[in-house]
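This report concerns only the one structure given below.
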DNA sequence: AAGAGACCCTGGATGC
DNA sequence: TGCATCCAGGGTCTCT
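In my numbering, the protein residues as written are 319 to 590.
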């Protein structure tokens with residue numbers, strides 16, 4: 319499940335391989351991967367272009383092209399970016415291949431076909447709803463307090479809402495709530511200022527540590543060279559149901575919140 | 001407006 | 001052993 323740290327890690331690894339390299343041609347191995355424009359137009363517009371800058375917003379990848387358009391991509395659940403020799407046979411789940419002028423391929427692989435590519439004049443067409451980056455100054459306790467006011471949904475669900483803060487997924491939501499010692503079912507609007515401050519700090523800490531450890535590999539996530547991340551070794555509650563809480567030893571609980579599996583310590587994260 | 005739930009997808013795990 | 005069913009969860013859409 320690529321979230322902000324995984325997407326950032328992938329982009330940094332990809333950059334030296336693709337920046338300024340002319341894209342000679344594109345192979346669309348599954349047309350559904352292209353959201354817009356229609357696949358034939360997509361290929362037409364991509365051919366001959368170069369990626370001249372690379373950015374990230376939330377979990378979206380932004381590849382700025384030399385014609386001012388932007389290739390926006392989202393990995394969703396199982397998307398992977400890989401660099402391969404052009405002659406390497408396609409994998410069963412490869413969906414898109416950019417053939418670079420230097421004889422290398424930049425490939426998008428996605429088992430579950432949730433990932434998407436958008437080729438647009440302005441990336442805002444795709445990402446305009448996103449909330450602030452969790453590591454930016456805009457994601458402050460005051461900001462979060464204002465956004466939580468009056469909300470009755472569980473704080474866990476609100477942390478996953480990309481319009482509130484961009485880039486948090488199921489793993490880092492659970493880890494942040496544990497570090498802030500907040501029960502995932504607490505109503506958003508019920509959080510006190512001291513708890514909101516703790517949550518902002520915990521979220522920043524978790525994201526920063528996961529970036530330093532180059533992401534969390536539970537199953538599908540790989541860096542573009544095929545290697546795994548390290549943060550799975552630092553998880554304190556996520557997918558550790560029944561294992562002792564690292565702080566107090568209580569077995570970790572698992573519940574479902576908003577349709578997502580949720581892990582927490584029932585002793586240290588209470589509802590009152 | 002906000003919240004809940006369906007839907008998209010595949011493969012691994014589980015159950016009989 | 002083989003087959004059916006369940007589950008994983010990011011984002012979008014619909015319904016209330």
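Just so it is clear, CB atoms sit at the ideal spot from N, CA and C, and this is done for glycine as well.
Predicted model, so just to flag it, every value in this text is computed and none were measured.
Beta-carbon contacts of residue i that lie in its chain and below 8 Å, excluding the five residues immediately before and after
i           : result
residue 377 : 320, 321, 322, 325, 392, 393, 480, 484, 485 and 487
residue 333 : 372
residue 544 : 400
residue 355 : 363 and 437
Identity of the residue in the options nearest residue i by Cα
i           : options               : result
residue 548 : 416, 419 and 535      : 535
residue 476 : 503, 458, 400 and 454 : 503
residue 507 : 489, 562, 490 and 474 : 474
residue 400 : 542, 570, 584 and 585 : 542
residue 443 : 577, 388 and 341      : 388
residue 517 : 339, 415, 437 and 457 : 457
residue 572 : 489, 522 and 527      : 489
residue 449 : 435, 478 and 422      : 478
residue 327 : 436, 530, 352 and 560 : 530
residue 409 : 422, 426 and 395      : 426
residue 528 : 546, 422 and 513      : 546
residue 279 : 422, 396 and 405      : No answer is possible for residue 279: it lies beyond the span of the chain, which begins at 319 and ends at 590.
residue 512 : 384, 462 and 526      : 462
residue 590 : 575, 505 and 441      : 505
residue 438 : 383, 460 and 470      : 383
Residue i, buried or exposed, once every other Cβ within 10 Å from all chains shown has been counted against 16
i           : result
residue 430 : exposed
residue 424 : buried
residue 492 : buried
residue 428 : buried
residue 532 : buried
residue 587 : buried
residue 403 : exposed
residue 540 : buried
residue 349 : exposed
residue 375 : buried
residue 566 : exposed
residue 415 : buried
residue 574 : exposed
residue 441 : buried
Residues near residue i by beta carbon distance below 7 Å, same chain, minus five either side
i           : result
residue 343 : 365 and 417
residue 520 : 494, 497 and 498
residue 482 : 449, 465 and 476
residue 552 : 527 and 531
residue 385 : 367
Endpoints, beta strand (DSSP E) assigned at residue i
i           : result
residue 415 : 412-418
residue 435 : 434-438
residue 352 : 352-354
residue 402 : 397-403
residue 345 : 341-346
residue 427 : 422-428
Limits of the unbroken alpha helix (DSSP H) element including residue i
i           : result
residue 471 : It is not in any alpha helix (DSSP H) - residue 471 carries neither H nor E in the DSSP assignment.
residue 330 : 322-336
residue 443 : 442-445
Contacts around residue i, its chain only, beta-carbon distance under 6 Å, and the 5 residues preceding and following it disregarded
i           : result
residue 336 : 369 and 424
residue 340 : 368 and 419
residue 434 : 353 and 392
Ranges of the alpha helix (DSSP H) found wholly within the region 499-586, counting only runs of at least 4: 511-530
My parser needs the beta strand (DSSP E) runs of 3 or more residues fully inside the region 360-390; what are they? 369-375 and 378-383
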